[in-house]
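Protein chains in written order, with my numbering: chain C, 7 to 496; chain Y, 13 to 328.
Yeah, the Cβ is synthetic: ideal placement off N, Cα and C, and Gly gets one too.
One structure is given here, and the rest of the page talks about it.
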Amino acid sequence: MDQENSLGDLFKKYPFDPQLLDEVYGKDKSVRNHYQQVHQYLSQISLKDFKDLIEYATSASFDQGITFNVYSDKDQGVERIFPFDLFPRLIPNKEWETIERGIIQRGKALNLFLQDLYNDKKILKDKVVPKELIYSSKHYCKHVHDFYPNKDIFVHVSGTDLIKHSDGKFYVLEDNLRCPSGVSYVLSNRIATKKTLPNLFFKSDVQPVVDYPEILSEVLTSVAPHGVDDPVCVLLTPGMYNSAYYEHSFLALQMGVQLVEGRDLFVENNFVYMKTIYGPKKVDVIYRRVDDDFLDPMVFRKDSLLGVPGLISAYREGNVSLANAIGTGVADDKAVYTYVPDIIKYYLGEDPILNNVHTYRCEKDEDLAYVLDNIENLVVKPVDESGGYGIFIGNISSKDEISRFKEVIKSERRKYIAQPIMSLSVHSTYIEDTNLFEPRHIDLRTFSLTGDDIEYVCKGGLTRVALRKGNLIVNSSQGGGSKDTWVYQD
Amino acid sequence: MMLSRTANSLFWTGRYIERLEHLSRYLNAQYLSSADAPRALNKHMALESMLSMARATDAYYERYNQIEDEKVILFLTIDDEYPFSMKNYLSLVRENSRGLRDNLSTEIWETINRFYHSSAKYTADTFQKKGPYDYCKHILNHVNIIKGVADNTLLRNQSWSLIRAGINLERTLQICKILITKLEDINKLDTDELSPAVVGYHWASLLRSAGGFDMSRHYYHESPNRERGVEFLILNNKFPKSVLFNLKELRQNLKIISDHQTVTPDSAEFFTGKLIAYMDYLMIDDIVEEGAEFLYKLENQIIHIGKTLEKQYLQY
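Right, dumping it as C-alpha cells:
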C-alpha cells in the first residue's frame, strides 16, 4: 500500500476546528474512544481504494434507482443520487438510550395532546397552550373534531430531528408528524456500508435497522378497524413523480403491501375499495404518504387528483384507518413545538428527557422585540414549511436582507419563530473537491413507530450532512448528503 | 390481489420489451444483410422495410422528405421526439417497472434500470462511428438478460403471467408484421429478378429477422423457402417464436390470470382458444395461397384478443 496516499495521512491533514464540537475528535484532536476502531480501520485504506469504494457505492445507488429527480428545462429531468459518505457516524449505546427514551416520551405526549385537542380540549381550557395558537395553525383540521382514530393513535410514524450542540447535549430541532420521509435511506445506507466496508462492519457490534418495515407492518395491522381479523393494508403514494417515490415503493415492497395511487381506490357506502383485476377489494388500513390537503377532494382541495373522494367520511365512520391520522400537522407546527416541554409535563407529569432549542415566537411582543434586536444571532423559520424552505439565517445575511426580512416578520408574526444559531456538531466527511476529510455539520433524523402496544425507535437514523463548508442546512433538497448511523450494542 | 393499474403496467412492460427485441433484431438483420445483398436488393429497400416493419413510414415522411440511412436509423432508434423510437420504448419499460417496484423483484428492477442508464451513451455520434449494429446488439443483449432475470426471480403467479401474456401477444403481432413486410419486399421485386437465389436470400433474411434461421435449418435440414419459412414462423409447435406456439402459451397464461375461472364467450380466453383450434387444423398450402391476406386477418384476430384482454382485466 502506498503510504503517501492512505486515509491515515489524510486524517492527519484534517482541518480540526477547536471551536466546533467534533463527533470524531475530542478537544485535543485525539480520536474519541468509540471511534477508535473505525478510525484505525479507515486509516489503513489507500485513497485510491477508498475512491473505488465510493464509486462502487454510487453506481450501486444509481442502479437501484435511489435517485432524486432534479427538474430542469427538459421534461425528463436529471437524476441525482443522494450523496452518501462512507465514514459512518457512531453513537454509543448510552447516548442512544437517552435519545430513545426521549423520543418515546415525546411521542406519547404528542399523541395525548392530539387526542385532547380534537376532543376535550383540556389543555386549552387550562391555558397551558393558548387556543389562538391552535386555531390559527394551518394544519389544524376541523374534520377530526370529536373523533378518536382506531386504537386512539394519531401519530403512528414520526421523524424527530435532533442536533448535538457544542455543550454535548442533544436538542430536538423539530418533530415531523405528518409524512416524514428518509427511512429508506437509513436502510439503503446500511446495505451500502455492508457491501463496501464488510470487514469493518462485521467486526463492529452494530444494532440492526432492518426491522423497521416489519414493525411498520405490525403497527398498521394493529390499528385496523374493529372486527377486521386479517386487514388489507396499502401504501398510498402521490405517484412516481413524487420525490419520495423511491421510498414509497421500497417500503411497500418490504412490507409486501400494495402500492396504490388515489385513482386505484374508491369509496362506496363509507367503505374503501381498491380496483383489482377481479373487481373491488376492501381496504382496511392506509399508510398514506399524501398530505391531508390532497386526501379527499370532497373535503379538502377540490382540484386534487391524488386523493379519494369520500375517504374522510369512511375514515370518520371507523371503516378505514389512516396512518398517520388526519390533523397531526397541528402538533408539528413550529410554534406549537415551543410548548412541547409543557405538553410533556401536562400529560405525563414528567420532565422532558430531550431539550428543545430555545425558541422565540414572533407573535409574542417581548419575543418579537428580542428577535428584531438580535436577528444577527438567530435563525428565523416559517412555522409551516418543510424541506428547509424559507429559512433565514441572521449571521450570513446582508444589512439590506436583514431589514427587508424584519418587515416580512412584522407583517406575518404568527408565521415566524426564531432560534439561536445552534452550533451543530461536525463530523469528518470526505470532500471530493479537495480530496480531504473536512468537518461538516450534521444532524440526526430518528424514526419512531407507535401502534397498539408497540413503541419502537429505529436504532440508528439518518445522519444528514451539510456538504457545503460552514453550511448549517442539511436537507437533501438543499444539497445535503447522508451517512450511515451506527448505534453500538453494549 | 392485483390492482388493474398494476396489471396494465405488467402487461405493457411485456409488450414493450418484446417490441424492442423484434425491432432491434429486424434493424440489425436488415442493415447487415443489405451490405452484401444480391444486386436486386439495395440499401434503400432495406431502409423502407425497416420503416414499414416498425409501422413508422408515415411518421417518418411527416418529418423528412426522403429516405436517408442515417435519418431512418436515428429515427427508429434514439429519436427523442418520435414516441415509438426504441429509446422511448425503453423509457416506457423503465417508467412502467418503476411503478411496479412492489410487484417485481429487486433484481429485475435493477436490471431494467441499469439497461436504461447504460443506453444513454448512444448518441448520433456513436451511430456514425459504429452504425446501428452496436446499439441493436446492446438492446438485444439486455432484453435477453431482463427475460432471464424475470424467469429466474419472479413467482409464477398473475404478475408473471401478465408479463408473459404481453410478450406472447406482442410476439405473434411482431412475427405477423415481419412476414407481411417481407412479402411486400418480395412483391416489389421484378418477377424476372426472382431467381431462386434471391428468394432464398429473402427467406433466410426473414428467418434471421425473427431469430429463427438456425433452428429452421436444424428442423428442416434444408434451405429456407416460402413454405418452410411461413410454416416455421406460424404453425410450428416447438419454436418459441411461432405464432401458434405463443397463442398456446398465451392461453396458459390467461388461465393463470383468470385464476382458472370458467371461460365465457366474450372473453380473451375464448377468442384465443378459438383461434388455436382453427390454426391446429390449418394446412400450410392454405396460408401460402392466401398470402398477405391471411396475415392481415390473423393480425386482426390477435389484435381483437388483445383488446378483449385489456377490457377484461386492465381497465379501471
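Go through its chain and collect everything with a Cβ distance to residue i's Cβ below 8 angstroms, but skip five positions before and after it.
| i | result |
| --- | --- |
| C/P21 | L442, E444 and P445 |
| Y/I90 | S97, M98, K99, Y134, T135, A136, F139 and Y147 |
| C/I140 | L123, L130, Y146, V336 and V342 |
| C/R419 | C368, E369 and L374 |
Which of helix, strand or coil does DSSP assign to residue i?
| i | result |
| --- | --- |
| C/P204 | helix |
| Y/N258 | helix |
| C/Q9 | Because C/Q9 carries a pLDDT of 47, less than 50, the predicted location of this residue cannot be relied on, and the following value inherits that uncertainty. Reduced to three states, the DSSP call for C/Q9 is helix. |
| C/Q425 | strand |
| C/S36 | coil |
| Y/N237 | coil |
| Y/A47 | helix |
| Y/Q42 | helix |
| Y/G318 | helix |
| Y/H230 | helix |
| C/P445 | strand |
| C/L27 | coil |
| C/N182 | strand |
| Y/T274 | coil |
| C/D390 | coil |
| C/F497 | What is shown of chain C runs 7 to 496, which leaves residue 497 of chain C out entirely. |
| C/R451 | strand |
| Y/F244 | helix |
| C/S497 | Residue 497 of chain C is absent from the structure shown; chain C starts at 7 and stops at 496. |
| Y/L59 | helix |
| C/I51 | coil |
Give me, in chain order, the residues of the same chain whose beta-carbon lies closer than 7 angstroms to that of residue i; leave out the 5 immediate sequence neighbours on both sides.
| i | result |
| --- | --- |
| C/L384 | V377, G400, A424, Q425, P426 and I427 |
| Y/D81 | K55 and L59 |
| Y/H316 | F283 |
| C/K137 | L130 |
| C/P98 | H40 and Y494 |
| C/L179 | D167, L168, I169, V363 and D449 |
| Y/L104 | Y28 |
Have a look at the DSSP bridge pairing and note the partners of residue i.
| i | result |
| --- | --- |
| C/I293 | Before going further, note that residue 293 of chain C is Tyr rather than Ile in the sequence given. Answer by DSSP bridge pairing, in chain order: C/L241 and C/A329. |
| C/P497 | No answer is possible for residue 497 of chain C: the residues shown for chain C start at 7 and end at 496. |
| C/G268 | C/G268 pairs with nothing; no bridge assigned. |
| C/R367 | C/I423 |
| C/N361 | C/Y177 |
| C/H433 | C/R446 |
| C/Y494 | C/V212 |
| C/A472 | C/G486 |
| C/G457 | C/I460 |
| C/R95 | C/T491 |
Looking only at its own chain, which residues have a Cβ that is under 6 angstroms from the Cβ of residue i, when we skip the five neighbours before and after it?
| i | result |
| --- | --- |
| C/T365 | T344, I423 and Q425 |
| Y/G318 | L181 |
| C/V30 | Y41 and S434 |
| Y/A47 | none |
| C/Y462 | I221 and L455 |
| Y/F127 | H154 |
| C/A258 | L241 and L265 |
| C/K80 | Confidence is the limiting factor: at C/K80 the pLDDT is only 46, short of 50, which leaves the residue's position unreliable, though a coordinate-based value still follows. Same-chain partners within the cutoff: there are none. |
| C/Q9 | No answer about C/Q9 holds up, because its pLDDT of 47 lies below 50 and its placement is not dependable. |
| Y/Y325 | A19 |
| C/L312 | P244, G268, V296 and F300 |
| C/I349 | A115 and F119 |
Any 3 or more C-beta pairs closer than 8 angstroms across the region 36 to 48 of chain C and the region 212 to 224 of chain C: Taking 8 angstroms as the limit for Cβ pairs, the verdict is that the region 212 to 224 of chain C does not touch the region 36 to 48 of chain C.
- prompt: Counting pairs of Cβ atoms below 8 angstroms between the region 398 to 414 of chain C and the region 152 to 160 of chain C, do you hit three or more?
  reply: Too few Cβ pairs lie closer than 8 angstroms, so no.
- prompt: the region 127 to 160 of chain Y: which residues have C-beta closer than 8 angstroms to a C-beta of chain C, in chain order?
  reply: Answer in chain order: H129.
Chain Y contacts made by the region 334 to 358 of chain C, where a contact means CB separation under 9 angstroms: Here the close residues number zero.
message: Counting beta carbon pairs with one atom in the region 257 to 277 of chain C and one in the region 14 to 21 of chain Y, are three or more of them shorter than 8 angstroms?
response: Three or more Cβ pairs closer than 8 angstroms define a contact, and the region 14 to 21 of chain Y meets that threshold against the region 257 to 277 of chain C.
- prompt: When the Cβ atoms of the region 86 to 104 of chain C are set against those of the region 320 to 340 of chain C, are three or more pairs found closer than 8 angstroms?
  reply: Contact fails: fewer than three Cβ-Cβ distances are below 8 angstroms.
- prompt: Within the chosen definition, does the region 290 to 308 of chain C reach the region 230 to 243 of chain C through at least 3 CB pairs nearer than 8 angstroms?
  reply: In this structure the region 290 to 308 of chain C touches the region 230 to 243 of chain C; the number of beta carbon pairs closer than 8 angstroms is three or more.
- request: Evaluate the contact criterion for the region 356 to 374 of chain C versus the region 109 to 124 of chain C: three or more CB pairs, one atom per stretch, below 8 angstroms.
  value: With three or more CB-CB distances shorter than 8 angstroms, the region 356 to 374 of chain C counts as touching the region 109 to 124 of chain C.
- request: Mind the definition here: the region 465 to 483 of chain C touches the region 115 to 135 of chain C only if three or more C-beta pairs lie below 8 angstroms; say whether that holds.
  value: At 8 angstroms Cβ cutoff, the stretches do not touch.
task: Residues of the region 263 to 290 of chain C with a CB closer than 8 angstroms to any CB of chain Y: list them in chain order, please.
output: Listed by position along the chain: V263, Q264, L265, V266, E267, R269, D270, M280, K281, T282, I283, Y284 and K287.
message: Give me the subset of the region 47 to 75 of chain C whose CB atoms are less than 8 angstroms from a CB atom of chain Y, sorted by chain position.
response: Of all residues in the region 47 to 75 of chain C, F68, D69, Q70 and G71 have a Cβ within less than 8 angstroms of some Cβ in chain Y.
field: Interfacial residues, the region 292 to 325 of chain Y to chain C, with Cβ spacing under 9 angstroms
entry: Using a CB distance below 9 angstroms, the part of the region 292 to 325 of chain Y facing chain C consists of Q324 and Y325, ordered along the chain.
task: Give a yes or no on contact between the region 204 to 224 of chain Y and the region 249 to 256 of chain Y, applying the rule of three or more CB pairs nearer than 8 angstroms.
output: Taking 8 angstroms as the limit for Cβ pairs, the verdict is that the region 249 to 256 of chain Y does touch the region 204 to 224 of chain Y.
message: To be precise: take each residue of the region 253 to 266 of chain Y, compare its Cβ to all Cβ atoms of chain C, and keep it if any distance is under 9 angstroms. Which residues remain?
response: Of all residues in the region 253 to 266 of chain Y, none comes within less than 9 angstroms of chain C when Cβ atoms are compared.
- prompt: Is the region 63 to 75 of chain Y in contact with the region 208 to 219 of chain Y, if contact means three or more CB pairs nearer than 8 angstroms?
  reply: No: fewer than three Cβ pairs fall under 8 angstroms.
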